[in-house]
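Step one of this worksheet: look at the structure below.
Residue numbers (the numbering used here): 3 to 329.
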């Protein structure tokens with residue numbers, strides 16, 4: 003059975019759907035601080051918190067878990083700068099609690115949700131796995147620290163892991179069953195929908211003087227279900243006895259904030275009101291992935307690579323669920 007930590011959140015709930023469709027027995031473990039019970043759908047779930055070691059020991063003793071997937075991190079770069087203690091506690095100490103509970107229960111396979119933020123300001127584009135690591139935020143620092151811990155636990159205790167470094171997870175379930183609903187919304191595409199619908203204030207663009215083609219940050223957007231498929235490949239790899247790996251996940255093409263907003267306006271047919279603001283602490287100018295390694299070694303290939311499809315899937319869910327999930 004697969005234990006899905008944070009399975010009621012955005013990425014975790016889409017992963018659980020992919021597991022249901024693949025016929026993979028699994029259990030969601032979530033504290034529901036930011037996830038939604040309505041996103042759990044047909045999966046079995048248990049309430050618990052990574053920061054409580056007893057919760058982890060309990061779930062690993064009660065169920066026959068062979069692989070753990072981690073999606074339970076705090077994820078806002080800006081918030082991590084303002085609240086570093088909370089980020090280190092949840093994103094790093096919580097994972098150390100998990101690794102020690104896994105050691106105790108003799109569970110040695112982990113798929114870890116990492117991030118492009120481990121690289122910091124890129125020295126070259128696209129960013130490959132061997133790019134230097136120099137995070138520019140406590141969020142990136144905490145994820146980088148976990149990657150270092152995974153290597154050490156692998157060498158000392160035989161823990162095998164796959165760390166998947168997302169660039170910008172985006173989009174929604176093409177079937178319209180699941181979507182993206184953070185509160186408050188911190189991701190660009192769903193935040194643009196809310197602004198266009200008049201549910202929130204005009205969008206603020208954080209920085210218009212970056213060294214990019216239009217002065218706004220450039221990011222690589224990868225569809226949420228393409229991420230889920232990479233995680234399934236990671237499970238198969240670990241179950242087959244594969245060694246620890248680290249992969250970047252992206253489309254290899256970047257879009258600026260302004261370009262994303264323009265695409266959003268085309269898809270929705272609505273104006274996205276916005277204002278220009280100062281840069282946000284911890285934000286590199288450009289983050290675009292090279293996913294050549296996972297493409298070559300595992301044959302992973304995004305099924306939904308274009309930005310317009312990503313935005314349309316996200317909009318289809320939000321249009322049908324204007325108030326988001328109702329738990």
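Glycine is no exception: its CB is placed at the ideal position from the N, C-alpha and C atoms.
Spatial neighbours of residue i in its chain, beta-carbon cut-off 6 Å, leaving aside the 5 residues before and after
i	result
residue 136	122
residue 47	30
residue 173	225, 226, 312, 315 and 316
residue 142	119 and 120
Closest Cα partner of residue i within the set the options
i	options	result
residue 207	265, 170, 278 and 274	278
residue 334	245, 251, 309 and 291	Any property of residue 334 remains undetermined from this structure, which presents the chain solely from 3 to 329.
residue 209	201, 220 and 30	220
residue 62	99, 120 and 107	107
residue 21	33, 55, 196 and 4	4
residue 292	301, 255 and 245	255
residue 128	14, 236, 253 and 275	253
residue 35	12, 24, 56 and 55	12
residue 74	59, 67 and 114	114
residue 33	57, 27 and 235	57
residue 280	205, 262 and 232	205
residue 96	156, 50 and 67	50
residue 159	8, 295, 201 and 104	104
residue 23	10, 38 and 44	44
residue 82	119, 194 and 10	119
residue 27	55, 10 and 69	69
Status (buried if at least 16 other CB within 10 Å, exposed otherwise) for residue i
i	result
residue 84	exposed
residue 16	buried
residue 111	buried
residue 288	buried
residue 328	exposed
residue 175	buried
residue 76	buried
residue 241	exposed
residue 186	exposed
Residue i - containing alpha helix (DSSP H), residue span
i	result
residue 60	55-64
residue 229	226-241
residue 49	First-last for residue 49: 46-49, but that is the beta strand (DSSP E), not the alpha helix (DSSP H).
residue 215	Per DSSP, residue 215 belongs to no alpha helix (DSSP H) and is neither H nor E.
residue 82	79-84
Residue i - containing beta strand (DSSP E), residue span
i	result
residue 71	69-72
residue 13	First-last for residue 13: 12-24, but that is the alpha helix (DSSP H), not the beta strand (DSSP E).
residue 168	162-168
residue 6	4-7
residue 38	Neither: residue 38 is in no beta strand (DSSP E) and is coded neither H nor E.
residue 29	28-32
Own chain residues within Cβ distance below 7 Å of residue i, not counting five before or after
i	result
residue 257	220, 221, 223 and 309
residue 323	181
residue 98	151
residue 91	53
Any chain C beta carbon closer than 8 Å to residue i
i	result
residue 218	Note that chain C does not occur in the displayed structure, where there is just one protein chain.
### Task
Return the chain-ordered ranges of every beta strand (DSSP E) run that is complete within the stretch 99-145 and spans a minimum of 3 residues.
Listed in chain order, they are 111-117.
### Query
What are the start and end residues of each continuous alpha helix (DSSP H) run of 4 or more residues lying completely inside the stretch 251-314, in chain order?
Those alpha helix (DSSP H) runs which fall completely within the stretch 251-314 and span 4+ residues are 259-270 and 294-300.
### Query
Along the chain, which unbroken stretches of the alpha helix (DSSP H) at least 4 residues long are found entirely within the stretch 179-204?
As for any alpha helix (DSSP H) of minimum length 4 sitting wholly inside the stretch 179-204, the runs are 190-198, ordered along the chain.
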